[in-house]
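Chains as they are written, first to last, in our numbering: chain A, 806 to 940; chain B, 806 to 940; chain C, 806 to 940.
Report on the following structure.
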Amino acid sequence: MVISLYIPASKQGLHNITNRVESQVQKAGFDSGLCTLFIKHTSASLIIQENADPSAKCDLEAWLSRLVPENDSLYTHTHEGPDDMPSHIKSILTSTSLSVPVQHGKLALGIWQGIYLWEHRHSGGEREIAIHISN
Amino acid sequence: MVISLYIPASKQGLHNITNRVESQVQKAGFDSGLCTLFIKHTSASLIIQENADPSAKCDLEAWLSRLVPENDSLYTHTHEGPDDMPSHIKSILTSTSLSVPVQHGKLALGIWQGIYLWEHRHSGGEREIAIHISN
Amino acid sequence: MVISLYIPASKQGLHNITNRVESQVQKAGFDSGLCTLFIKHTSASLIIQENADPSAKCDLEAWLSRLVPENDSLYTHTHEGPDDMPSHIKSILTSTSLSVPVQHGKLALGIWQGIYLWEHRHSGGEREIAIHISN
């Protein structure tokens, strides 16, 4: 089965979507299986990261924005603004698709792991994630 | 089912393979499912990126080649030439495997998304992608 | 089916786990299918890389540690030591999940490909990888 998860427009940065994915997994009702997430955009992406200390999230955002800054003279693809090309680059350095096994009816995440949508635009609008769940 | 897709030798850079993958998905005939691509090489990789404006593609190529230049004095693995080690590094920063849900018998790609083979060598030869499609 | 693979505490760097994964695939007994690996940690990750020349492995480790050094003044998340934040960053630049098709009862890896656990901590402890195998 494939369902769509719609994430409301969010500010630039990491947004924890674990609970929303987990609730789809529980609806699907498989005791054991695989949950695959796919984000249908090229300027936002997915990662699994630490869900405990917010400073890890802040440092990830700051580090990636320093590696891929706005207003780099290399960019020619700039018609949607200074965050256009950095968003595409950040997206390919992280993940468009992620797969998480399902065990005992739940996502088999490590104790400190959360699933994050990484919004790379300043005003990215609503985002759609297609979720495939199978046994 | 697993099928092999052979991509003829291509010059260094991004090559859109969406149509070739889509045609395998249509042959498989699942209304709903998951299509997973796996590239059987360590000096070429896979990404999902913008399929509209060619300037995005050029900037991605230029940015990654600046981050991972040839002739870096750090490299010791150089016996296949100056593009040998940069190819391996570019490969681990992007994706060896990608999964795309199938909906209504087609890849559930976003409207601006294409699937790309990223050839990191100057003369990489034919590339093989194993494709798994299931419901 | 989902099984857990436990990798004993390893020093920082790349560790070839191909044989351990392959043996699970052979136990599963599918002629054709998909094997998905998921590492249940945010300071270690997975990659597919060259399994032949050890110099490629050394250069990958050296390159990534130069890109993401310890003791960067940007980091605020440092309470577990100087390798804490670099581990999270290295993890998001590589892969938390990887999928490899199964053909003829074996992982459909390219001839030079191996599956690696990348330990990013100096003392990371035992690591758990959840493996989903289906046809």
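Each residue gets a CB set at the ideal place from its N, CA and C atoms; glycine is no exception.
Residue i CB to nearest chain C CB: under 9 Å?
i	result
B:Ser870	no
A:Asn821	no
B:Leu879	yes
B:Phe835	no
A:Leu810	no
A:Leu922	no
B:His846	yes
A:Ser815	no
A:Ile938	no
A:Gly818	no
Compute the Euclidean distance between the alpha carbons of residue i and residue j, then round it to the nearest angstrom.
i	j	result
B:Gly945	A:Ser850	This structure does not reach residue 945 of chain B, given that chain B is present from 806 up to 940, and the question cannot be answered.
A:Met890	B:Gln817	20 Å
B:Pro813	B:Val905	23 Å
B:Ser837	A:His893	28 Å
C:Trp868	A:Met806	41 Å
B:Thr881	C:Leu898	22 Å
C:Gln854	B:Ile844	11 Å
A:Leu839	B:Lys895	28 Å
A:Trp923	C:Glu875	24 Å
B:Arg926	B:Asn824	23 Å
C:Asp877	A:Ser870	15 Å
B:Thr847	B:Thr901	8 Å
C:Glu827	A:Val873	38 Å
A:Ala833	C:Ser928	38 Å
A:Asp888	C:Lys911	44 Å
A:Gln831	A:His884	42 Å
A:Ile852	A:Glu866	12 Å
A:Ile808	C:Ser860	44 Å
A:Phe835	B:Asn940	15 Å
A:Ala935	B:His909	13 Å
C:Gln829	B:Gly915	35 Å
What are the boundary residues of the alpha helix (DSSP H) that includes residue i?
i	result
C:Arg926	Per DSSP, C:Arg926 belongs to no alpha helix (DSSP H) and is neither H nor E.
On the DSSP letters alone, give me the boundaries of the beta strand (DSSP E) that residue i sits inside.
i	result
B:Ile822	Run containing B:Ile822: none; DSSP gives neither H nor E here.
A:Ser809	807–812
With a threshold of 9 Å between beta carbons, is residue i in contact with chain A?
i	result
B:Val826	no
C:Val905	no
B:Ala935	no
C:Ile894	yes
C:Val830	no
B:Gln918	yes
C:Ser860	no
Using a Cβ cut-off of 9 Å (strictly closer), state whether residue i contacts chain B.
i	result
C:Glu855	yes
A:His882	yes
A:Leu898	yes
C:Gln908	yes
A:Ser902	yes
C:Ala913	yes
C:Asp864	yes
C:Gly838	yes
C:Ala867	yes
Within its chain, find whatever has a CB closer than 8 Å to the CB of residue i; leave out the 5 residues flanking it on each side and keep chain order.
i	result
B:Glu931	Tyr811, Ile812, Pro813, Ala814
B:Asp864	none
B:Trp917	Glu855, Asn856, Ala857
B:Ala913	Val905, Pro906, Val907
C:Leu879	none
Suppose the cutoff is 6 Å on Cβ atoms and the five residues either side in sequence are ignored; what does the same chain contact list for residue i look like?
i	result
B:Thr841	Ser904, His937
A:Lys862	Leu819
C:Glu933	Ser809, Tyr811, Lys845
Please return the same chain residues whose Cβ sits closer than 7 Å to the Cβ of residue i, not counting the five positions on each side in sequence.
i	result
A:Ile822	Ile812, Ile920, Tyr921, Leu922
Exercise for review: Output the residue ranges of the beta strand (DSSP E) runs that lie fully inside the segment 888–920 of chain A and measure 3 residues or longer, sorted by chain position.
Suggested key: Fully enclosed beta strand (DSSP E) runs of 3 or longer: 902–908.
Review point. Residue ranges of each beta strand (DSSP E) run of no fewer than 3 residues wholly in the segment 834–890 of chain C, ordered along the chain?
Key: Here the runs fully enclosed are 838–844, 849–855.
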